[in-house]
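Asks:
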Amino acid sequence: MITAIDIWTFVHILLFVYWLGADLGVFLLAKAAQRSDLTFDQRVLALRMALKIDVMPRLSFALMFPVGLELTAARGLVEPGAGLRALAWAASAVWVTIVIAMTRSEGPAAEPLRKANVALHWLLFVVVTVIGGTSVLGLGPFPSGWLGWKILLFGLIFFCGIMIDREFAPVSPAFARLAEKGSTPEIEQDISGAIDRSIRWVLTLYALVLVIAFLGTARPH
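Written as structure tokens, this is what we have:
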């Protein structure tokens, strides 16, 4: 008999796979966009593909918390009220809407969406980190053991996402200059520097996700 635990576990694993799996593709394509030995068209194609594939990790991230909440509730680890569940799914729905809208907008029209996305990340960073931190201290809505730590570390991923977008932002104007002036050491440094700085935060995010996955699997006391 298929139970709620089976369904939510499957969805949770699926989101995890699409998050890290697709993000690895983004990582490799971003590194390809750095290569000055490739033609401009090849580098632009790599960058555009990276941005398109990046939609899947963002959607997976947006859905992970409410799905994880449903899974912990199905396992009997927490008893979230209807209000908390509704809030988690509402925040996720807003986030998914922003991500999809960002993929369909370019130029000045995309700027308000970008700002909304950053504001939402900051809000969720504060809220989730506070919930996780208070839970670790035994004062929050989740158990103070592995689950509290899992929530706290998940909150830190929002900060990584903010920093990734911030560090990657100079890449687009640098490529515009590359198209206009051709390759110069300064432009190549701007591109490589921005991508390298964002990758450091990407690797930090990977580390957090792996620790969170281990805590969810091992459930140490």
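Residues -3 to 217 (our numbering) are what the sequence shown spells out, left to right.
From the three backbone atoms N, C-alpha and C, an ideal C-beta is built for every residue, glycine too.
Given the structure is predicted, the values throughout are model-derived calculations rather than measurements.
Would you check if the distance between the CB atom of residue 191 and the CB atom of residue 29 is smaller than 8 Å?
Replies: yes
Asks: Taking C-alpha atoms, which residue in 37, 42 and 69 lies nearest to residue 176?
Replies: The shortest Cα separation from residue 176 among 37, 42 and 69 belongs to 37.
Asks: Suppose the cutoff is 8 Å on Cβ atoms and the five residues either side in sequence are ignored; what does the same chain contact list for residue 54 look like?
Replies: 95
Asks: Mapping DSSP to helix, strand and coil, what is residue 130?
Replies: helix
Asks: Please name the residue, chosen from 214, 146, 180 and 197, that lies closest to residue 208 on a Cα-to-Cα basis.
Replies: 146
Asks: In chain order, what are the residue ranges of uninterrupted alpha helix (DSSP H) at least 4 long that sit wholly in the region 40 to 111?
Replies: 51 to 70 and 78 to 99
Asks: Determine, using beta carbons only, whether residue 87 and residue 120 come nearer to each other than 8 Å.
Replies: yes
Asks: With respect to the alpha helix (DSSP H) encompassing residue 181, which residues constitute its N-terminal and C-terminal limits?
Replies: 181 to 214
Asks: Determine, using beta carbons only, whether residue 167 and residue 187 come nearer to each other than 8 Å.
Replies: yes
Asks: Using only alpha-carbon positions, find the residue among 214, 104 and 150 that is nearest to residue 60.
Replies: 150
Asks: Count the CB pairs spanning the region 71 to 82 and the region 104 to 120 that are closer than 8 Å, and state whether there are at least three.
Replies: no
Asks: How many angstroms separate the CA atom of residue 130 from the CA atom of residue 124?
Replies: C-alpha of residue 130 to C-alpha of residue 124: approximately 10 Å in a straight line.
Asks: Measuring only the C-alpha atoms, how far is residue 68 from residue -2?
Replies: Using only the alpha carbons, I get a separation of about 17 Å.
Asks: So residue 3 is in the alpha helix (DSSP H); what residue range does that whole segment cover?
Replies: 0 to 30
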